[in-house]
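If you use our numbering, the sequence shown closes out at 527, no skipped numbers anywhere. Here a beta-carbon is modelled for each residue, glycine too, at the ideal position from N, C-alpha and C. One structure below.
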Amino acid sequence: MIDFLNHAVIQKIINTALKAGDLIMDFYSQPLSVQIKSDNSPVTIADIEANNFIVQALNHITPDILVISEEDETPIHINEKIFWLVDPIDGTKSFINKTGQFTVNIALVHNKYPIFGVIYAPLSQTLYFNKHNIAYKQHNNSTIPISVNNNWDEVVAIISAHHRNRQINSYLNTLKLKSVMTASSSIKFCLIAEGKADIYPNFGKTMEWDTAAGHAILNAAGGSVKTHDNKPLMYGKEKFVNDLFIAYGKNI
């Protein structure tokens with residue numbers, strides 16, 4: 276992990292995610308006006324307010340590092356070796372529908388790979404992050420290290436609650452499955468990182484800010500994320516569109 280990302284800076288990023296979560300929850304019980312963006316995804320005032328707060332905080336904490344966020348106008352391509360990726364509300368549909376499965380995602384990318392991530396689930400007040408190649412879960416004033424499940428005799432798959440398709444079903448049929456879970460947002464990465472699920476295939480369109488934080492945390496917990504053709508999932512690509520990928524609860 277690069278030098279500037281010390282304990283004090285990590286704590287500032289964590290506090291930023293927590294405060295953004297508090298801001299989001301201020302809107303949770305209110306009627307929301309929903310707008311549809313050019314990519315047909317929904318956005319609310321909570322997304323915009325949380326985005327502005329996180330981006331301003333990161334610009335203050337690390338003024339020399341570019342911040343790329345879902346809710347800002349993003350460049351088609353960047354040349355920076357290091358940059359932040361932010362999704363202020365990952366799972367906006369779940370936020371709108373009041374299902375609770377939405378998160379704040381903040382990730383640091385260095386040389387095309389996510390090296391640090393923070394994911395906060397405001398409704399359950401559960402935080403995940405990584406530090407010095409160890410992944411942690413923080414809940415009820417307790418912070419514990421987490422790691423992937425090492426028993427792969429039968430696997431628990433976790434898939435998107437909204438994007439199950441024929442390709443996903445075909446892939447699941449190749450696995451020795453114990454069960455299949457569904458979830459929204461980056462929580463899927465976290466559940467693998469803490470050993471509650473084992474594999475997460477995603478063969479639909481996702482963006483880099485959807486996955487970077489979870490990718491960093493899962494790596495630190497002993498897992499890995501690969502493209503559908505078994506190459507490392509990389510970041511900083513044109514338009515920040517992800518390749519199809521599979522997240523594993525082991526180092527593939």
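What separation, rounded to the nearest whole angstrom, lies between the Cα atoms of residue i and residue j?
{"i": "Pro420", "j": "Ala495", "result": "10 Å"}
{"i": "Asn416", "j": "Gln305", "result": "28 Å"}
{"i": "Ile223", "j": "Ala396", "result": "The chain is shown only over 276 to 527; residue 223 falls outside these bounds and no answer can be derived."}
{"i": "Thr349", "j": "Lys480", "result": "17 Å"}
{"i": "Pro476", "j": "Ile521", "result": "4 Å"}
{"i": "Met482", "j": "Asn426", "result": "30 Å"}
{"i": "Cys465", "j": "Leu493", "result": "7 Å"}
Which same chain residues end up closer than 7 Å to residue i when comparing Cβ atoms and leaving out the 5 residues on each side of it in sequence?
{"i": "Leu447", "result": "Ala432, Val455"}
{"i": "Ile409", "result": "Pro420, Ala495"}
{"i": "Ile530", "result": "Because the chain in this structure spans residues 276 to 527, residue 530 falls outside the shown range and cannot be described."}
Three-state secondary structure (DSSP) at residue i?
{"i": "Asn372", "result": "helix"}
{"i": "Asp365", "result": "strand"}
{"i": "Trp359", "result": "strand"}
{"i": "Phe328", "result": "helix"}
{"i": "Lys406", "result": "strand"}
{"i": "Thr486", "result": "helix"}
{"i": "Phe391", "result": "strand"}
{"i": "Ser445", "result": "helix"}
Apart from the five residues on each side of it in sequence, which residues of its chain come closer than 6 Å, Cβ to Cβ, to residue i?
{"i": "Lys406", "result": "Ile285"}
{"i": "Gln413", "result": "Leu402"}
{"i": "Asn380", "result": "Asp362, Asp365, Ile394, Ser461, Ala488"}
{"i": "His438", "result": "Gly479"}
Can you tell me the Cβ-Cβ gap for residue i and residue j, rounded? I've got them flagged as a contact below 8 Å.
{"i": "Ala491", "j": "Ala382", "result": "6 Å"}
{"i": "Leu298", "j": "Ala325", "result": "6 Å"}
{"i": "Leu450", "j": "Ile474", "result": "7 Å"}
So, does the CB of residue i fall closer than 8 Å to a CB anywhere in chain C?
{"i": "Leu466", "result": "The structure shown contains no chain C; it holds only a single protein chain."}
According to DSSP, which residues form a beta bridge with residue i?
{"i": "Phe464", "result": "DSSP lists no partner for Phe464."}
{"i": "Lys501", "result": "Pro507, Ile521"}
Excluding the five sequence neighbours on either side, which residues of its own chain have a C-beta within less than 8 Å of the C-beta of residue i, listed in chain order?
{"i": "Pro317", "result": "Val309, Gln310, Ile311, Thr367, Lys368, Ile371"}
{"i": "Lys373", "result": "Tyr303"}
Taking 7 Å as the cut-off, does the CB of residue i come closer than this to any heavy atom belonging to the ligand ZN?
{"i": "Thr449", "result": "Within the structure as shown, the ligand ZN is missing, as the structure has no ligands at all."}
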